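Everything below concerns the one structure shown next.
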Ligand SMILES: [Zn+2]
């Protein structure tokens, strides 16, 4: 019953929704009841907080000050969407995705919900709660949504303490999977779908233990992982590919949940719109400066100056803009489909489009499984997350009894090439701009095993490109690529 034929170019998500019956939903909802700790902070400048009673909410009892504070409308809708049944504010699709994700680490997750609408946050309260200020230099900063995995947070604080000679702060990752912070001010500025899509994005961060490769981007006391301003935008190519991976996998589930956002991002690609890259005016290399003795590196990644790297490679910038307008942060504007593949994959939504289409056309279960393996392989290991995840997605598609070596024999006889779909989608979303194998390898930081590169390039590239030319991209192209690779079925969970 889990196998679906491609009758037409229908969205996997629609099919998926039909299959989420009440018994599945009940199970998802009770997983969420047990896995989340919602902590309501009515005034972030005070020290008091309230833990919401999940059992009460689950059975329909919404009493307490959290529920009567009208500033918390978005957070109320979120908690209801996760814990209540269908018809009482419950959102079965959100419950489905959230229950799948939270099982990756399978430990309780802390969700801090702040009413920061009418308070001026002090630096002491920002530090106490560990929340993320949208603009730390502002006179009135607000809580920007952010999240982290507890093992990564513990590693970071222990390593810093050790380096500074401070007492060991200990670990809490035996009890907690991770945490996220959501402030009412920014949630209220958007429709409720933004709260839910953001929640799903942040939830992936709580499960992600991949090394963030931050040590390659600390320069003169600053971290250039996202560039000089410390912000990343959906249409930005950011310097640190470790962060592109992290944001890319988080956006993947948001795109699966929010079909409008998914269409918007596909159209951005289709219409060859702006890719922005922050210009880093700091001199390349470390140089003298306000060096942090525990964090700075002597040989930072050249990608910390990504704009310079792109210009040196002959890319064409159309113009420069300040983002946000009125600020002094200078960005160069490129076109997403016109730059070289190795630069395109510095964008988090290109990865999210590839991964979410993989989940649509193979299965969400296979994607989560690949992610699970990658997660474990990338814990405390500085490697290319993109290469590791692509390899795992390819492996998920290998038929039983076969191996990469057996598939590489010219008469392997396999007609349904699910194992090459991730690479075909990577080729498509880099606009088939790879002209040689070595161009293609750069998508994966030259770290994908050569056997996979050879197999796609030698046996499938021409078929894919001929079957689906990229003149005017449309969503149906992804299904046509699957069909060109002989893929006629997709499944829901396995
Ligand atoms: Zn994020």
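Residue numbers (the numbering used here): 1 to 494.
Ideal Cβ placement from N, Cα and C applies to all residues, glycine included.
Quick caveat: nothing in here was measured; it's all calculated off a predicted structure.
Query                                                                                                                                                                          : Result
What are the boundary residues of the alpha helix (DSSP H) that residue 335 is part of?                                                                                        : Element bounds for residue 335: not the alpha helix (DSSP H) but the beta strand (DSSP E), 330–335.
Let me make sure I understand the geometry here. Which of 35, 228, 155 and 184 has the alpha-carbon closest to that of residue 74?                                             : 184
For chain C, check one thing: does any of its Cβ atoms lie closer than 8 angstroms to the Cβ of residue 81?                                                                    : Given the protein chain composition of this structure (a single chain), no chain C is represented.
I need the boundaries of the beta strand (DSSP E) containing residue 441, first residue and last residue.                                                                      : Note, residue 441: premise wrong, no beta strand (DSSP E); alpha helix (DSSP H) at 437–442.
Between residue 110 and residue 39, which are expected to be in contact by the criterion C-beta below 8 angstroms, what is the C-beta distance as a whole number of angstroms? : 6 angstroms
Compare the C-alpha of residue 247 against each of 209, 273 and 381 and name the closest.                                                                                      : 209
Pick helix, strand or coil for residue 226, following the three-state DSSP scheme.                                                                                             : coil
My guess is that residue 475 and residue 266 are in contact by the Cβ rule of under 8 angstroms, so how many angstroms apart are they, rounded?                                : 6 angstroms
Comparing the CB of residue 250 with every heavy atom of ligand 1, is any distance shorter than 7 angstroms?                                                                   : yes
Are the stretch 362–370 and the stretch 334–348 touching by the rule of at least three beta carbon pairs closer than 8 angstroms?                                              : no
I'd like to know if the stretch 372–383 and the stretch 272–283 are in contact, where contact means that at least 3 CB-CB pairs between them fall below 8 angstroms.           : no
Would you mind reading off the limits of the alpha helix (DSSP H) that contains residue 461?                                                                                   : 461–467
Can you tell me whether residue 288 is buried or exposed, with buried defined as 16 or more other CB within 10 angstroms of its CB?                                            : The predicted model places residue 288 with a pLDDT of 48, which falls under 50 and marks its position as unreliable; any figure quoted below should be read in that light. The residue is exposed, with fewer than 16 neighbouring Cβ atoms inside 10 Å.
How many angstroms separate the CA atom of residue 449 from the CA atom of residue 131?                                                                                        : 40 angstroms
If you run the structure through DSSP and keep just helix, strand and coil, what is residue 88?                                                                                : coil
Quick check on the DSSP output: the alpha helix (DSSP H) that includes residue 361 runs from which residue to which?                                                           : 348–361
Restricting to Cα atoms, I'd like to know which of 65, 27 and 158 is closest to residue 114.                                                                                   : 65
For my contact list, residue 478 and residue 408 are in at a C-beta cut-off of 8 angstroms; report their separation, rounded to the angstrom.                                  : About 25 angstroms separates the two Cβ atoms, so there is no contact after all.
Alpha carbon to alpha carbon, how far is residue 26 from residue 330? Give it in angstroms, no decimals.                                                                       : 49 angstroms
How big is the Cα-Cα spacing for residue 279 and residue 332?                                                                                                                  : 7 angstroms
Cα separation between residue 251 and residue 128?                                                                                                                             : 28 angstroms
Look at the alpha carbon of residue 395 and the alpha carbon of residue 232, and state the distance between them as a whole number of angstroms.                               : 31 angstroms
Does ligand 1 have a heavy atom nearer than 7 angstroms to the CB of residue 201?                                                                                              : yes
What separation, rounded to the nearest whole angstrom, lies between the Cα atoms of residue 119 and residue 169?                                                              : 30 angstroms
Tell me whether the beta-carbon of residue 472 lies closer than 8 angstroms to the beta-carbon of residue 416.                                                                 : no
With distance defined between alpha-carbon atoms, name the residue in 452, 429 and 386 nearest to residue 403.                                                                 : 452
Within 10 angstroms of its Cβ, does residue 165 collect 16 or more other Cβ (buried), or is it exposed?                                                                        : exposed
Closer than 7 angstroms: is that where the CB of residue 205 sits relative to any heavy atom of ligand 1?                                                                      : yes
Using three-state DSSP, classify residue 176 as helix, strand or coil.                                                                                                         : coil
With H, G and I counted as helix, E and B as strand and the rest as coil, what does DSSP make of residue 97?                                                                   : helix
Based on the DSSP output, what are the partners of residue 181 in its beta bridges?                                                                                            : 112 and 146
If you drop the 5 nearest sequence neighbours on each side, which residues of the same chain put their C-beta closer than 7 angstroms to that of residue 484?                  : 463, 464, 467 and 468
Counting only the same chain and skipping the five closest in sequence on each side, list residues whose C-beta sits under 8 angstroms from that of residue 481.               : 421, 424, 425, 428, 464, 467 and 468
Any idea if residue 63 is buried or exposed, counting beta-carbon neighbours within 10 angstroms, 16 or more meaning buried?                                                   : exposed
Buried or exposed: where does residue 92 fall if 16 or more other Cβ atoms within 10 Å of its Cβ makes it buried?                                                              : buried
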